[in-house]
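Residue numbers (this note's numbering): 0 to 155.
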């Protein structure tokens, strides 16, 4: 057991020719839920992918408004694999310095170009499971908080 009281999983070595390309059980605590997360150290390329399932309302996912120096894609997908169009949630996403509110009630992908402020994300209503997927084509996650950046601009 590790210091958190959790059993540490030893990665099984796959002796097959292509087994090294399979990344199994990559879970971490992310936001308010456990997340499926893979990063460059495991993928072997500049990409970070995270995925969480939500079954109840949660506020401030992604925390305060922030921006990145890289492209990010946010996806919201219905959690019923037999009917992917069945989207039973209402999610608020805030974009830009103006914090323009967008309400998501159907499967949606949001492309976040470098420098676009975004967040918070609020899962206001969750009647059916919804999957939140993030894709970032970068080797390391970094962000700049909007409040810090705007304070810096006013001082200049």
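Virtual Cβ for every residue (Gly too), placed ideally from N, Cα, C. Note that the coordinates shown come from a computational prediction; the quantities given were computed from them, not determined experimentally.
Within the same chain, show all residues whose beta-carbon is closer than 6 Å to that of residue 117, passing over the 5 residues directly before and after it, in chain order. Taking the first residue of the chain shown as 1, we reach residue 117 at position 118. Excluding residues up to 5 positions away in sequence, 94 and 111 lie with their Cβ nearer than 6 Å to the Cβ of residue 117 in the same chain.
Since residue 56 contacts residue 124 with CB under 8 Å, what's their CB separation in whole angstroms? Position 57 of the chain shown, counting from 1, holds the residue named residue 56. Position 125 of the chain shown, counting from 1, holds the residue named residue 124. 6 Å between Cβ atoms; contact.
Helix, strand or coil at residue 116 [DSSP, three-state]: As a working note, residue 116 is residue 117 in the chain shown. Coil, per DSSP.
Which same chain residues, not among the five before or five after residue 27, have their C-beta less than 6 Å away from its C-beta? Here residue 27 refers to the residue found at position 28 of the chain shown. Here the set comprises 34 and 36.
Residue closest to residue 104, alpha-carbon to alpha-carbon, out of 114, 115, 86 and 97: Taking the chain shown and counting its residues from 1, the one referred to as residue 104 is at position 105. Of 114, 115, 86 and 97, the residue nearest in Cα terms is 86.
Please name the residue or residues paired with residue 133 in a DSSP beta bridge. The count along the chain shown starts at 1 and reaches residue 133 at position 134. For residue 133, which the question treats as bridged, DSSP gives the partners 49 and 73.
Exposed or buried, what is residue 9 when buried is set at 16 or more other beta-carbons lying within 10 Å of its beta-carbon? For this step, residue 9 is matched to residue 10 along the chain shown. For residue 9, the predicted model reports a pLDDT of 45, less than 50, meaning its position is unreliable and no value from the coordinates is stated.
N-terminal and C-terminal residue of the alpha helix (DSSP H) that residue 94 is part of: In the chain shown, counting from the first residue as 1, residue 94 sits at position 95. For residue 94, there is no enclosing alpha helix (DSSP H); the residue is found in the beta strand (DSSP E) stretching over 88–94.
Grab me the residues of residue 109's own chain with a C-beta within less than 6 Å of its C-beta, minus the 5 sequence neighbours each way, in chain order. What you label residue 109 is simply residue 110 of the chain shown in a count that begins at 1. For residue 109, where only same-chain residues beyond five positions count, the Cβ hits under 6 Å are 73.
Pairwise C-alpha distance: residue 14 and residue 65: On the chain shown, position 66 is the one that residue 65 refers to. On the chain shown, position 15 is the one that residue 14 refers to. Spanning the two alpha carbons is a distance of roughly 43 Å.
Three-way DSSP call (helix, strand, coil) for residue 146 in this model: Locating residue 146 in the chain shown gives position 147, counting from the first residue. Correct three-state label for residue 146: helix.
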